[in-house]
Amino acid sequence: MIYLKHGIVGSVNTISIPNKVKRVHALALKTGMLEDEWNRSRLMGLYLQASTCTLVDCERLFHGAEKKGLLLFNQMLTVYSRHDPDKAKRLFDELIGTCPPDGATYMGLLHALSVGGEPWEAIKVIQQMESRGVQPDPRHYGVAVDSFARTRTPDFIKAAIDILKYFPSAEHEVTINSILSRCVPPSGVKPVSAKDENYQTCAGFGGLSGEEGVQVCCSGQDSLEARKVGVEVAQACYQELGAGESDMTWKMKK
8 MIYLKHGIVG
18 SVNTISIPNK
28 VKRVHALALK
38 TGMLEDEWNR
48 SRLMGLYLQA
58 STCTLVDCER
68 LFHGAEKKGL
78 LLFNQMLTVY
88 SRHDPDKAKR
98 LFDELIGTCP
108 PDGATYMGLL
118 HALSVGGEPW
128 EAIKVIQQME
138 SRGVQPDPRH
148 YGVAVDSFAR
158 TRTPDFIKAA
168 IDILKYFPSA
178 EHEVTINSIL
188 SRCVPPSGVK
198 PVSAKDENYQ
208 TCAGFGGLSG
218 EEGVQVCCSG
228 QDSLEARKVG
238 VEVAQACYQE
248 LGAGESDMTW
258 KMKK
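Under my numbering, residues 8 to 261 are what the sequence shown spells out, in order.
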């Protein structure tokens with residue numbers, strides 16, 4: 008159900024009713040609702056939720072606006088972060104020349120960098136935020152950490168942990184869970200063999216043998232035992248938070 012109240016407000020289960028989003032769009036055009044930036048942005052959000060509606064629908068709404076404020080830029084950045092990371096980065100550059108970014112702006116950019124496989128760029132963005140007067144919160148750090156941890160490889164899992172050492176304010180359940188979720192095997196994934204090209208994933212953590220670590224973190228065996236060992240691997244990673252200086256320090260200064 009899509010409902011209106013003093014504008015385009017929200018929806019329930021829009022994924023299954025994309026045609027109704029189109030009808031709301033037509034109604035909004037007829038009544039002049041889209042002259043308001045908030046309504047235009049909200050309609051873009053509805054399109055983003057509807058499974059069969061694509062990037063084109065949101066782009067038309069964005070480019071069709073006579074004036075573009077931060078709200079519209081942020082919504083379009085969110086759309087691009089899911090569909091086209093390169094366009095998201097270009098839009099961010101355009102936004103910087105138009106209006107000051109806020110926390111939502113940087114969330115969109117960080118998601119784009121994570122999806123685009125650019126974790127080191129995500130760290131640079133975190134560092135740049137304060138210089139622009141935006142304080143990173145746990146969600147920003149969580150995306151940056153996940154951009155490393157999502158690879159499920161030892162070096163990048165370690166880098167994700169080092170971020171928490173380098174940025175003390177990043178030590179939060181959001182960021183810890185980003186690491187844990189990448190170490191614990193997902194359910195419903197078929198096991199892999201030792202000959203699999205990703206066999207080295209997550210090996211060697213927590214005193215576990217390479218084979219044991221890999222079979223837990225890479226195979227996705229849907230069993231309590233597999234998940235138990237996976238948690239042990241993740242906890243062993245987390246314990247490194249108190250182990251000396253961060254390996255990230257020299258990389259941050261580059």
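Don't be surprised by glycine CBs; every beta carbon is placed ideally from N, CA and C.
Computed from a predicted structure; not experimentally measured.
For Gly110, the secondary structure class from DSSP, reduced to helix, strand or coil, is helix.
Annotation: Ile183 to Asp169 spans about 12 Å, alpha carbon to alpha carbon.
Counting C-beta pairs with one atom in each stretch, the segment 132-152 and the segment 111-122 have three or more that are closer than 8 Å, which means they touch. Sequence-distant Cβ neighbours of Met136 in its own chain, meaning closer than 6 Å and more than five residues away, are Tyr113 and Pro143. Per DSSP, Leu102 is one residue of the alpha helix (DSSP H) stretching across Pro92 to Ile103.
The segment 161-190 contains, as complete alpha helix (DSSP H) runs of 4+ residues, the segments 161-173 and 180-190 (chain order).
When rounded, the separation of the alpha-carbon atoms in Asp100 and Asp93 is 11 Å. The C-beta distance from Val152 to Ile186 rounds to 6 Å, short enough to fall under 8 Å.
As the crow flies, the alpha-carbon of Leu120 is around 8 Å from that of Ser154. A straight line joining the alpha-carbon of His118 with that of Lys96 spans about 11 Å.
Here Arg67 is exposed, its C-beta having fewer than 16 other C-beta atoms within 10 Å. Inter-residue distance for Val181 and Ala156 is about 13 Å (C-alpha atoms, whole angstroms). Secondary structure of Gln142 (DSSP, three-state): coil. The criterion of a C-beta distance shorter than 7 Å is not satisfied by Tyr54 and Asp43. Taking the CA atoms as reference points, Lys75 sits about 26 Å from Gly123. Taking 7 Å as the cut-off, the Cβ atoms of Leu79 and Ser48 count as close. Here His70 is exposed, its C-beta having fewer than 16 other C-beta atoms within 10 Å.
The continuous stretches of alpha helix (DSSP H) do not include Glu73, and DSSP gives it neither H nor E.
Counting along the chain, Glu44 sits inside the alpha helix (DSSP H) bounded by residues Glu44 to Gln56.
When C-alpha distances from Lys165 are compared across Gly140, Pro126 and Gln134, the shortest belongs to Pro126. With fewer than 16 other Cβ atoms from the protein chains shown falling within 10 Å of its own Cβ, Arg139 counts as exposed.
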